[in-house]
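Chemist:
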Amino acid sequence: MIEIPSDLHKDLVPLAFLLGNWAGAGVHDFPGSEKCNFGQEVTFGHDGRDFLEYHSRTWVLDENGNKVRPLETESGFWRIDADRKVEVTMTRDDGVIEIWYGEMADKKPQIDLVTDAVARTAASQPYSGGKRLYGYVKSDLMWVGEKQTPEVPLRPYMSAQLKKVVTPEDVERWAKALPDDMPDDGIAFFK
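Heads up: take any position in the sequence shown, counting from 1, add 16, and you land on the working numbering.
1) Note down the Cα distance separating residue 188 from residue 182, rounded to an integer number of angstroms.
2) Starting from the C-beta of residue 29, find all residues in its chain whose C-beta is less than 8 Å away, skip the five residues before and the five after it, and write them out in chain order.
3) On the DSSP bridge assignment, give the partners of residue 71 in chain order.
4) Count the other C-beta atoms from every protein chain shown that fall within 10 angstroms of the C-beta of residue 122, then say buried if there are 16 or more, exposed otherwise.
5) Kindly indicate which residue of 51, 94 and 108 has the alpha-carbon position closest to the one of residue 73.
6) Please confirm whether residue 168 and residue 143 have their CB atoms less than 7 Å apart.
7) Three-state secondary structure (DSSP) at residue 189?
8) Would you check if the distance between the CB atom of residue 92 and the CB atom of residue 106 is smaller than 7 Å?
9) Using alpha carbons as the reference points, say which of 160, 146 and 56 lies closest to residue 81.
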């Protein structure tokens, strides 16, 4: 279920499907890096202004699904204009800062992004750009990332399937929104 908060900036309504806390797992595979499964937590939040705040943490998982060590961390800001053009500014823990541009698909919650600018610190690994696809599929947030370096052409390197995390505050808000005339036995609700 996609909720649109009453205090969400009107321009961000098309991005409302991203809002909330998400958690799940995915696969990381890129030449020169360890191929692994990873866990991920993502948060998209807002404060009433015309952008979403984004934060993502990933970590390597062992064969039993236990956390081994951090993999990547990134944070940024997402905006959308009246023509459904999306812009993202992102900072990553490996010393890379990116500007992404793209657009929302017509009539579905899907966003295609491509890097427009990349800045790297001296300590960062080689990186020259990427693509990302985000989509809301059967109540899950799915994404795939592609990247390229001077030595490796553009290719997929990470993808994940994330589930919405339900908080006690969510449950309380939903409980308050229940109608007063709910049946006591619960069975009548399904008749």
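In this text, a Cβ means the ideal position worked out from N, Cα and C, and glycines have one as well.
Modeler: Per the coordinate set shown:
1) Approximately 11 Å, taken between the alpha carbons.
2) For residue 29, the CB contacts under 8 Å within the same chain, skipping 5 residues up- and downstream, are 20 in chain order.
3) Answer is 59 and 91, bridged to residue 71.
4) Per the 10 Å Cβ criterion, exposed.
5) It is 108 whose Cα lies nearest to the Cα of residue 73.
6) Going by C-beta atoms, residue 168 is not nearer than 7 Å to residue 143.
7) Residue 189: helix per DSSP, three-state reduction.
8) Their beta carbons are under 7 Å apart, which means residue 92 touches residue 106 by this criterion.
9) Checking every option, the nearest Cα to that of residue 81 belongs to 56.
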